[in-house]
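Student:
Residue numbers (UniProt numbering): 1 to 58.
#1: Looking at the structure shown, is residue 24 part of a helix, part of a strand, or coil, going by DSSP?
#2: Looking at the structure shown, is residue 36 part of a helix, part of a strand, or coil, going by DSSP?
#3: Take every Cβ of the region 37-57, pair it with every Cβ of the region 10-19, and state whether three or more of those distances are shorter than 8 Å.
The following block contains the structure:
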C-alpha cells in the first residue's frame, strides 16, 4: 500500500512538472488564458512521462 502511495505521489509530481515545464517553454497555454480546451502536445508529453515512469517503476 505504501509503495502504491509513493508511486502515485511521484506520478503527480511528474505530471505537474511536465505541465509547468511546457508552460515555461511556451508549448502549452491554459484554456482560461486563451489556449485550446484539449492540448495534444500536453497529452503526448504526459503519456511519454507516465510510460517512462511505469517502465522504470512498475
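All residues carry an ideal CB built from backbone N, CA and C; glycine is no exception.
Tutor: On the basis of the supplied data:
#1: helix
#2: coil
#3: yes
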